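Inspection log for the structure reproduced underneath, given as structure tokens.
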Amino acid sequence: GENVEQHPSTLSVQEGDSAVIKCTYSDSASNYFPWYKQELGKRPQLIIDIRSNVGEKKDQRIAVTLNKTAKHFSLHITETQPEDSAVYFCAASIGRGSYIPTFGRGTSLIVHP
Amino acid sequence: EPEVTQTPSHQVTQMGQEVILRCVPISNHLYFYWYRQILGQKVEFLVSFYNNEISEKSEIFDDQFSVERPDGSNFTLKIRSTKLEDSAMYFCASSGTRDTQYFGPGTRLTVL
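Residue numbers (the working numbering), protein chains in the order written: chain H, 84 to 196; chain C, 5 to 116.
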């Protein structure tokens, strides 16, 4: 089955800095890669996603890149703010029938004011 | 903006008891899912449901688990005889297309 590795497990940055979270996946058939933000005690919220026919996608301060050859994808947050502090999960899924995501272990992002 | 809702927010039960967790997916969505998240760990897939039947399930989803869509709005997860290791946050999710999923707020299940 699919295996998703996520690094780092903890990321501490100063407000205004950029943050990068990296994920690798094992199954080359994976073709949908969502990123979720989970604040303490809250639901995972989809913040951005990318499909395998696209190499990069941007939404305001958030961008995701995908390298299918290397089987890795990354989340980039620019101009970080304290409210960006949360756990971020990457996921990879294969579009056969349902898209069942396999999640990474999460990155705890701490943005210091 | 419509959201997935779940009840109860917290359920405490004794080991061996049956529990039913309830979810109301987003109204025009067709695909429904249950996940669990043990405290401090990643989200794990349990089961997906489409067209009134299970479409996929994980190894976690054994005979103690069942799902049902009893009417046009609710989607339930039943755990027949709870174990201590079932203690976790259970998330329901729904999607209108096959890929993008929206999660509910979760039910924290505590088995004593």
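Ideal Cβ positions, reconstructed from N, Cα and C, are used throughout, including at glycine.
This structure is a prediction, so every number in the text was calculated from the model and none was measured.
Residue i and residue j closer than 8 Å at C-beta
i               : j               : result
V147 of chain H : S157 of chain H : yes
G20 of chain C  : S85 of chain C  : yes
K82 of chain C  : I42 of chain C  : no
V115 of chain C : S91 of chain C  : yes
L192 of chain H : D167 of chain H : yes
H159 of chain H : S95 of chain H  : no
S31 of chain C  : T111 of chain C : no
E162 of chain H : G99 of chain H  : yes
T9 of chain C   : G76 of chain C  : no
K140 of chain H : I130 of chain H : no
S176 of chain H : Y115 of chain H : yes
DSSP state of residue i mapped onto helix, strand, coil
i               : result
L88 of chain C  : helix
D167 of chain H : helix
L116 of chain C : coil
E48 of chain C  : strand
T107 of chain H : strand
F65 of chain C  : coil
T161 of chain H : coil
Counterpart residues of residue i in DSSP-defined beta bridges
i               : result
I24 of chain C  : C:K82
K140 of chain H : H:V147
M93 of chain C  : C:Q41, C:R112
S176 of chain H : H:Y115
T101 of chain C : Paired residue(s): none; T101 of chain C is not in a bridge.
Element boundaries [beta strand (DSSP E), containing residue i]
i               : result
P117 of chain H : 115 to 121
R134 of chain H : 128 to 134
K61 of chain C  : 57 to 61
F69 of chain C  : 69 to 72
Q41 of chain C  : 35 to 41
S191 of chain H : 190 to 195
E98 of chain H  : No beta strand (DSSP E) holds E98 of chain H; DSSP gives it neither H nor E.
At a Cβ cut of 8 Å, what residues of the segment 74 to 98 of chain C count as close to chain H, listed as they run along the chain?
-> Contact residues of the segment 74 to 98 of chain C toward chain H are F95 (C-beta to C-beta distance below 8 Å).
The segment 41 to 54 of chain C: positions lying closer than 7 Å to chain H by Cβ = K46, V47, F49, S52, Y54
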